[in-house]
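Position 36 (the sequence shown) corresponds to 279 in our numbering; numbering is contiguous.
Backbone N, C-alpha and C define an ideal beta-carbon position, used for all residues, glycine too.
Reading through the structure tokens given below for one structure.
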Amino acid sequence: MKEEEFYQNIKKALANLPENYSILEERIEIEVQMEYFEFSKAIREKNISAECFENREQLLDIQVGIQRKKEILSAIATVDDVKAYRAIETFVKDNKGDLKQWAVLAMQESRMLIQSSLLDEQQVFISTGLGGKGKKLRYYVVFINNLQTEILNSTQQKLLREELIYELKGNQGEFESMDFMEGFSTALIMLPLHSDIKKVFQNVVDECNQYGNFLNEDMIVTNVKVMSRGEILQLLHQKKSQAFDELEED
Numbered sequence: 244m245k246e247e248e249f250y251q252n253i254k255k256a257l258a259n260l261p262e263n264y265s266i267l268e269e270r271i272e273i274e275v276q277m278e279y280f281e282f283s284k285a286i287r288e289k290n291i292s293a294e295c296f297e298n299r300e301q302l303l304d305i306q307v308g309i310q311r312k313k314e315i316l317s318a319i320a321t322v323d324d325v326k327a328y329r330a331i332e333t334f335v336k337d338n339k340g341d342l343k344q345w346a347v348l349a350m351q352e353s354r355m356l357i358q359s360s361l362l363d364e365q366q367v368f369i370s371t372g373l374g375g376k377g378k379k380l381r382y383y384v385v386f387i388n389n390l391q392t393e394i395l396n397s398t399q400q401k402l403l404r405e406e407l408i409y410e411l412k413g414n415q416g417e418f419e420s421m422d423f424m425e426g427f428s429t430a431l432i433m434l435p436l437h438s439d440i441k442k443v444f445q446n447v448v449d450e451c452n453q454y455g456n457f458l459n460e461d462m463i464v465t466n467v468k469v470m471s472r473g474e475i476l477q478l479l480h481q482k483k484s485q486a487f488d489e490l491e492e493d
């Protein structure tokens, strides 16, 4: 019931989106995103954007510490000046270290600010852990085997892969990769923001199950991160425990 309610709330939120929105393409950890937005809020309250803009060359100074660079990036992202955007862009291109994800978020915020100013209309920025491309979001999908102690055989693997690709094409989606392992199969795909995600993957399961009923009706779909095998097994165990508790209550 909670999952269905959550799904409906997401659909309502997407229905209210304006036409002009941008999706962050890079994969950035949700924890980094949360830290960035909380830090940026604090920076705005300090009112140091002008000072940081004047000292933006410190971004490329190897003697300047990470905390100061975080401060500059977050501060100048709020400055409506192409020079601020170019400074962040240069830093992103030259940086492969710990601040790369932080700088990408600052660059996106700066870009949105400049676009809003030029177009004289508010821009909406959508970011997820797995990123996306154009108007599409990336999703990590886990298809669960009915026999969770076995890997799908070659015929079943081929069928699942082909049905997934076919369903994605029919919904303007993109197939990226797929892996098969004991108990479940995982895939990275992209779908347009307004896609009926639940229906897309349910169609894949229904089509495959016409040839042997080898997939569980339940599945895992997330745009937060690529899950490890341990995380998937833990989630499946929690699902089983929850179902057992509900059965006992009945």
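Within the same chain, Cβ atoms closer than 8 Å to the Cβ of Ser428 are found at Val385, Phe386, Asn388, Leu395, Gln400, Leu403, Met421, Asp422, the five residues on either side in sequence being excluded. Per DSSP, reduced to three states, the secondary structure at Leu434 is strand. Between Leu316 and Ala349, the C-beta spacing is below 7 Å. Taking the CA atoms as reference points, Gly473 sits about 16 Å from Thr465. If you draw a straight line from the Cα of Glu269 to the Cα of Leu479, it is about 28 Å long.
Taking every protein chain shown into account, the CB of Lys326 has fewer than 16 other CB atoms within 10 angstroms, so this residue is exposed. In this structure, Gly416 is the residue among Gly416, Ile266, Val448 with its C-alpha nearest to the C-alpha of Ser438. For Met277, the secondary structure class from DSSP, reduced to helix, strand or coil, is helix. Phe444: member of the alpha helix (DSSP H) spanning 440 to 451, first to last residue. If you draw a 10 Å sphere on the C-beta of Arg287, you find fewer than 16 other C-beta atoms in it, and that means exposed. Collapsing the DSSP output to three states places Ser471 in coil. Distance from the CA of Asn414 to the CA of Val447, rounded to the nearest whole angstrom, comes to 12 Å. The shortest C-alpha to C-alpha distance from Gln276 to any of Lys468, Leu476, Lys482, Gln481 is the one to Lys468. Rounded to the nearest angstrom, the gap between the Cα atoms of Gly372 and Phe334 is 22 Å. An exposed status is given to Leu303, since fewer than 16 other beta-carbon atoms sit within 10 Å of its beta-carbon. Exclusion of the five residues before and after Cys295 leaves Ile315, Ala318, Ile319 as the residues of its chain whose Cβ lies within less than 6 Å of its Cβ.
If you compare the alpha carbons of Arg381, Lys289, Lys343 with that of Ile309, the shortest gap goes to Lys343.
Scanning the stretch 337 to 390 from its first residue to its last, the whole alpha helix (DSSP H) runs of 4-plus residues come out as 343 to 362. Cβ neighbours of Glu410 within its own chain (closer than 6 Å, five residues either side excluded): Val443, Asn446, Val447.
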